[in-house]
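First up is the structure itself, then whatever we jot down about it.
Residue numbers (this note's numbering): 36 to 207.
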């Protein structure tokens, strides 16, 4: 029962990734493309988290992607024109009717056994994965976290809000 639930979950995520990839051809607004890329990174990290039984790898990928997307989102929103976001529901339904009937032909997750595949690769016995958050590395990890927080606070207090790299949003 659990294997069928996990298999359905992976199949749903792969179908969602496929739908998002097919939507990317029709996006014209840079804000909608950024939103699409954010959802795509969510689904890819969920898929990696369900394949690999450790969650730290998908969390790190998610944090890196969201951090980069926030920077890109700010720069694009400051230079793009303010046009209305139009959603075509007809296009959405057409893509759904094209993709979902062929789900059995596209992906067959019941034939793969991801857990045995990962055990054969010996990923869990790797030194890096085992000692990532060991007690000996805890002091170094805590120092890095506090150093990054301190650096973020210092940089945000040094930067002047009205003379930053982005255009000012003064409404008259």
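All C-beta atoms in this analysis are idealised placements derived from N, C-alpha and C, irrespective of residue type, glycine included.
{"Query": "Three-state secondary structure assigned by DSSP to residue 62", "Result": "coil"}
{"Query": "Where the alpha helix (DSSP H) through residue 112 begins and ends", "Result": "91 to 114"}
{"Query": "Contacting residues, own chain, Cβ-Cβ under 8 angstroms from residue 187 (five flanking each side not counted)", "Result": "none"}
{"Query": "When 181, 65 and 75 are compared against residue 110, the one with the closest alpha-carbon", "Result": "65"}
{"Query": "DSSP state of residue 87 mapped onto helix, strand, coil", "Result": "coil"}
{"Query": "Within 8 angstroms, strictly: CB atoms of residue 55 and residue 78", "Result": "yes"}
{"Query": "Residue 93 classed as buried or exposed, judged by whether at least 16 other C-beta atoms fall within 10 angstroms", "Result": "buried"}
{"Query": "Neighbourhood of residue 76 by C-beta distance below 8 angstroms, restricted to the same chain and skipping five residues each side", "Result": "96, 97, 100, 101 and 104"}
{"Query": "Residue environment, residue 48, which counts as buried when at least 16 other CB atoms sit within 10 Å", "Result": "buried"}
{"Query": "Distance between residue 180 and residue 189 (C-alpha atoms, nearest Å)", "Result": "14 angstroms"}
{"Query": "For residue 50, three-class secondary structure by DSSP", "Result": "helix"}
{"Query": "Where residue 45 sits in the DSSP three-state scheme", "Result": "helix"}
{"Query": "Residue nearest to residue 115 in terms of C-alpha spacing, selected from 59, 51, 67 and 182", "Result": "67"}
{"Query": "8 angstroms Cβ cutoff met for residue 26 and residue 80", "Result": "The requested residue 26 does not occur in the structure, where the chain is confined to residues 36 to 207."}
{"Query": "Proximity winner among 119, 124 and 178, relative to residue 63 (alpha-carbon distances)", "Result": "119"}
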